[in-house]
Amino acid sequence: MGFWSWRAEGGEVMKPLETLRNEHGLIRQFLDNLTLAVEKLQNEEPPPREFFDLAVEFAREFADRFHHFKEEHVMFVRLAQKKSGAIDGQIEALRHQHERGRNCVAAIADALDGYAAGKPAQVSQVLENVAAYAALLRNHIHKEDHIFYPMAQEVLSAEEESQLEAEFAKAREKVGEDTFERCHKLVVDMGSMLTHL
């Protein structure tokens, strides 16, 4: 299964926070593609509409339904009211950032017909929302990896980690065991489109 697996070296299942960090690696590659697409748009080398169709698909399928789902509906629920509620504000801030990201993706999707037709307002809408989404997610991932996940690790018991692992496995079964591989291919295909402009 390689780098993008939910299994660690040797085949054992990763711990929940390792799984989320591993998923961040794939999302960062996706964001690298988006950043390059913004540069190309600014240099009047617009990527094809198909690039942004794949971007919307990845954002909705992997970043949101696969990754953010596990955070919001599994991990955040378990962490709520830990430390006498001291981290609830951070949980809400992260949820709010997820929602802002969804709004950016919706704005990109809504503008794609006009983008493909070369309409300046929609080209601008795609550019602005892709740039905003990439910046938002980079900052969001940094906060999770360096602040929130270490704090979560401190408050989760071994039993709670095992329960999270089981719930993550159910979420993985729901979206398909091959989600990593399928979405990794989307990221690779997006990168190929940019190099062939």
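Residue numbers (my numbering): 593 to 789. Backbone N, C-alpha and C fix where the C-beta goes; we use that ideal spot for every residue, glycine too.
Check whether residue i and residue j have beta carbons under 9 Å apart
i, j, result
"residue 651", "residue 697", "yes"
"residue 703", "residue 721", "yes"
"residue 623", "residue 726", "yes"
"residue 643", "residue 785", "yes"
"residue 728", "residue 687", "no"
"residue 630", "residue 719", "yes"
Rounded straight-line distance, which links the Cα of residue j to that of residue i
i, j, result
"residue 782", "residue 645", "10 Å"
"residue 743", "residue 615", "19 Å"
"residue 749", "residue 664", "19 Å"
"residue 599", "residue 772", "Bear in mind that the predicted position of residue 599 carries a pLDDT of just 48, short of 50, making it unreliable; the figure below should be weighed with that in mind. In a straight line, the C-alpha of residue 599 is about 11 Å away from that of residue 772."
"residue 603", "residue 706", "For residue 603, the predicted structure reports a pLDDT of 48, less than 50, and the residue's modelled location is therefore unreliable. The matter cannot be settled from this model."
"residue 677", "residue 636", "49 Å"
"residue 680", "residue 690", "15 Å"
"residue 778", "residue 694", "19 Å"
"residue 745", "residue 668", "12 Å"
"residue 768", "residue 632", "34 Å"
"residue 627", "residue 723", "7 Å"
"residue 710", "residue 740", "41 Å"
"residue 621", "residue 732", "15 Å"
"residue 597", "residue 649", "The predicted model places residue 597 with a pLDDT of 45, which falls under 50 and marks its position as unreliable; any figure quoted below should be read in that light. If you take the alpha carbons of residue 597 and residue 649, they lie about 20 Å apart."
"residue 634", "residue 712", "13 Å"
Exposure of residue i, with buried meaning 16 or more beta-carbon neighbours within 10 Å
i, result
"residue 608", "buried"
"residue 595", "The predicted position of residue 595 is uncertain, since its pLDDT is 41 and thus under 50; a value taken from the coordinates is nonetheless stated next. When all chains shown are included, residue 595 counts as exposed."
"residue 683", "buried"
"residue 619", "buried"
"residue 788", "exposed"
"residue 639", "buried"
"residue 647", "buried"
"residue 593", "Here residue 593 scores only 36 on pLDDT, less than 50, and its place in the model is too uncertain to base an answer on."
"residue 827", "Because the chain in this structure spans residues 593 to 789, residue 827 falls outside the shown range and cannot be described."
"residue 780", "exposed"
"residue 659", "buried"
"residue 685", "exposed"
"residue 770", "exposed"
Nearest residue (CA-CA) to residue i, options the options
i, options, result
"residue 613", "786, 734, 750", "734"
"residue 657", "787, 763, 789, 785", "763"
"residue 752", "670, 659, 648", "670"
"residue 701", "712, 641, 677, 667", "641"
"residue 610", "626, 686, 654, 737", "737"
"residue 674", "624, 685, 731, 747", "747"
"residue 666", "760, 765, 623, 723", "760"
"residue 617", "775, 755, 784", "775"
"residue 765", "649, 662, 629", "662"
"residue 717", "756, 672, 699, 649", "699"
Closer than 8 Å: residue i CB and nearest the ligand HEM heavy atom
i, result
"residue 656", "As for the ligand HEM, it is missing from this structure, which has no ligand bound."
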